[in-house]
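Asker: I am attaching a structure below and will ask some questions about it afterwards.
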Amino acid sequence: MIAALPPPPPAVVAPAPERSAATTGQVRVAAAMTDARVMVDSSFRGASIVLYGAVFNPTDVPTDVVVVVRGPDSPVRLVKKTRNMGIWLNSRPVLFEGAPGFYMTASTRPLGDIADFGQLRRLGVGVDHLRINAPEESRTVTRYGVRDVVVSRLGEDYLDWRRAVIRLREAAALYDTDPDGVDFVDRGLFRAEIELPAVAPTGQYFAEVWLFQEGEPVSVSNLTLTVEKVGFERDIFEFAHNRPWTYGLLSVLLAALTGWIASRVFRRD
Numbered sequence: 007m008i009a010a011l012p013p014p015p016p017a018v019v020a021p022a023p024e025r026s027a028a029t030t031g032q033v034r035v036a037a038a039m040t041d042a043r044v045m046v047d048s049s050f051r052g053a054s055i056v057l058y059g060a061v062f063n064p065t066d067v068p069t070d071v072v073v074v075v076r077g078p079d080s081p082v083r084l085v086k087k088t089r090n091m092g093i094w095l096n097s098r099p100v101l102f103e104g105a106p107g108f109y110m111t112a113s114t115r116p117l118g119d120i121a122d123f124g125q126l127r128r129l130g131v132g133v134d135h136l137r138i139n140a141p142e143e144s145r146t147v148t149r150y151g152v153r154d155v156v157v158s159r160l161g162e163d164y165l166d167w168r169r170a171v172i173r174l175r176e177a178a179a180l181y182d183t184d185p186d187g188v189d190f191v192d193r194g195l196f197r198a199e200i201e202l203p204a205v206a207p208t209g210q211y212f213a214e215v216w217l218f219q220e221g222e223p224v225s226v227s228n229l230t231l232t233v234e235k236v237g238f239e240r241d242i243f244e245f246a247h248n249r250p251w252t253y254g255l256l257s258v259l260l261a262a263l264t265g266w267i268a269s270r271v272f273r274r275d
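Residue numbers for the sequence shown, in my numbering: 7 to 275.
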């Protein structure tokens with residue numbers, strides 16, 4: 007006789023995963039980057055970094071995503087060609103105390119369709135609303151419904167100088183605005199690409215991922231990106247900044263030695 011087999015054990019039903027209260031009752035955005043560190047050496051030709059994330063929206067109101075990446079600030083010195091008695095001369099230089107070395111915005115649609123002028127100006131989102139420290143700030147006033155607007159000694163020429171800074175950085179691919187740079191690859195999942203040119207400055211970069219709903223910012227995710235020199239280039243850079251006098255002296259001696267060797271090689275007998 008064949009003994010009857012025991013009945014199979016009852017199926018175990020796994021409990022449904024718990025959902026965070028923030029994902030069920032609050033509109034918010036979460037983001038990350040494929041690389042948080044970019045290494046620059048002699049073969050560096052630029053880098054492409056993917057920023058990705060998810061939008062948690064329990065409502066039926068659509069949302070927009072705006073990505074802002076800002077590089078380290080640095081002084082900017084500008085001169086203007088002026089005609090004086092038939093001769094083109096450089097005007098008095100204007101030194102902006104600080105402008106981002108890199109600035110990029112990417113969004114799901116044009117910024118003007120996402121939020122109004124005052125909102126973008128308050129957040130500093132977009133090249134037109136980029137905060138650039140003016141030279142010799144004199145006072146601040148309230149304009150466009152925004153407080154602390156800088157009035158510079160340059161007067162009405164300030165905007166022309168400011169546009170020149172932006173135009174030069176755009177020509178070097180350091181400033182960019184992409185109104186279609188954020189793509190939704192699935193419901194709630196998005197991605198954007200950050201293109202760093204070969205001339206991108208080293209230092210700490212800050213990325214802001216804004217979530218807008220009905221023209222208002224409802225959430226933001228902050229990320230950091232480090233661009234640093236590595237290898238022999240980093241050693242030379244640190245030596246030049248930590249010991250500038252020694253670096254200068256060695257540079258002069260190396261130049262003199264190179265000149266002497268060249269004179270011996272190419273001298274005429």
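Glycine residues also receive a C-beta, built at the ideal position from the N, C-alpha and C atoms.
Taking three-plus beta-carbon pairs below 8 Å as touching, is the segment 106 to 116 in contact with the segment 179 to 190?
Answerer: Result yes; three or more Cβ-Cβ pairs closer than 8 Å.
Asker: In the DSSP assignment, find the beta strand (DSSP E) that holds phenylalanine 196 and state where it starts and stops.
Answerer: Looking at the DSSP string, the run of the beta strand (DSSP E) that includes phenylalanine 196 is 195 to 202.
Asker: Could you give the uninterrupted runs of the alpha helix (DSSP H) lying entirely in the segment 44 to 129, keeping only those of 4 residues or more?
Answerer: Correct list: 117 to 120 and 123 to 129.
Asker: Going by beta carbon distance, what residues of the same chain come within less than 7 Å of methionine 45, once the five residues before and after it are set aside?
Answerer: Closer than 7 Å at Cβ, skipping near neighbours: Glu234 and Val236.
Asker: Give me the DSSP bridge partner(s) of aspartate 184.
Answerer: Beta-bridge pairing links aspartate 184 to Ala112.
Asker: Assuming methionine 60 and glycine 194 make a contact with CB atoms under 8 Å, what is their CB distance in whole Å?
Answerer: Here residue 60 turns out to be alanine, not methionine, going by the sequence shown. Alanine 60 to glycine 194, Cβ: 5 Å. Contact.
Asker: In the DSSP output, which residue or residues are listed as bridge partners for threonine 232?
Answerer: According to DSSP, threonine 232 bridges with Arg43 and Gln210.
Asker: Taking the CB atoms as reference points, tell me whether aspartate 70 and isoleucine 120 lie closer together than 7 Å.
Answerer: Yes, these two residues count as a Cβ contact at 7 Å.
Asker: Buried or exposed: which applies to glutamate 214, given that a residue is buried once 16 or more other Cβ atoms fall within 10 Å of its Cβ?
Answerer: Buried, by the Cβ-count rule.
Asker: In three-state terms, what does DSSP make of alanine 38?
Answerer: If DSSP states are grouped into helix, strand and coil, alanine 38 belongs with the strands.
Asker: How long is the line joining the alpha carbons of proline 6 and glycine 52, rounded to whole angstroms?
Answerer: Look at the range of the chain in this structure, 7 to 275, and you will see that residue 6 is not part of it.
Asker: Quick check: what's the CA-CA separation for phenylalanine 212 versus arginine 270?
Answerer: Each residue's Cα considered, the two are about 52 Å apart.
Asker: Report the three-state DSSP secondary structure of glutamate 176 (helix, strand or coil).
Answerer: Glutamate 176 falls in the helix class under three-state DSSP.
Asker: Helix, strand or coil for leucine 255 per DSSP?
Answerer: If DSSP states are grouped into helix, strand and coil, leucine 255 belongs with the helices.
Asker: Out of Leu174, Asn139 and Leu256, which one is the CA nearest neighbour of aspartate 79?
Answerer: When only C-alpha atoms are compared, the closest one is Asn139.
Asker: Nearest CA to the CA of tyrosine 58: which residue from Val226, Val188, Asp122 and Thr264?
Answerer: Here the closest residue by C-alpha is Val188.
Asker: Going by alpha carbons, who is nearest to valine 224 out of Phe272, Gln125, Val205 and Thr40?
Answerer: It is Gln125 whose Cα lies nearest to the Cα of valine 224.
Asker: Applying the criterion that 16 or more other CB atoms from any shown protein chain within 10 Å of the CB defines a buried residue, is proline 64 buried or exposed?
Answerer: Classification for proline 64: exposed.
Asker: Considering Cα atoms alone, identify which of Asp122, Val191 and Phe272 is closest to valine 56.
Answerer: Checked all of Asp122, Val191 and Phe272; the closest Cα to valine 56 is Val191.
Asker: Per DSSP, glutamine 292 forms a beta bridge with which residues?
Answerer: Only positions 7 to 275 of the chain appear in this structure, which leaves residue 292 out of reach.
Asker: In angstroms, rounded to a whole number, what distance separates the CA positions of alanine 281 and glycine 118?
Answerer: Residue numbering for the chain in the displayed model covers 7 to 275; residue 281 lies beyond these limits and cannot be assessed.
Asker: Comparing C-alpha positions only, which one of Asp166, Leu217 and Lys86 sits nearest to valine 33?
Answerer: For valine 33, the nearest C-alpha among the options comes from Leu217.
Asker: Would you say arginine 76 and threonine 232 are within 7 Å of each other, going by their C-beta atoms?
Answerer: Not in contact: arginine 76 and threonine 232 (Cβ atoms no closer than 7 Å).
Asker: Using the three-state DSSP reduction, which class does valine 171 fall into: helix, strand or coil?
Answerer: In the structure shown, valine 171 sits in a helix (DSSP, three-state: H, G or I).
Asker: Here's the rule: buried if 16 or more other CB atoms are within 10 angstroms of the residue's CB, otherwise exposed. What is glycine 280?
Answerer: Here the chain comprises residues numbered 7 to 275, so residue 280 is not present and cannot be evaluated.
Asker: Specify the secondary structure class of tryptophan 266 as computed by DSSP and reduced to three states.
Answerer: The answer is helix: DSSP assigns tryptophan 266 an H, G or I state.
Asker: Between valine 73 and alanine 206, is the Cβ-Cβ spacing less than 7 Å?
Answerer: No.
Asker: If you reduce the DSSP assignment to three classes, tell me which class glycine 131 lands in.
Answerer: The question names glycine, yet the displayed sequence has valine at residue 131. DSSP places valine 131 in coil when its eight states are reduced to three.
Asker: Is the beta carbon of leucine 229 sitting closer than 7 Å to the one on methionine 39?
Answerer: Contact: yes.
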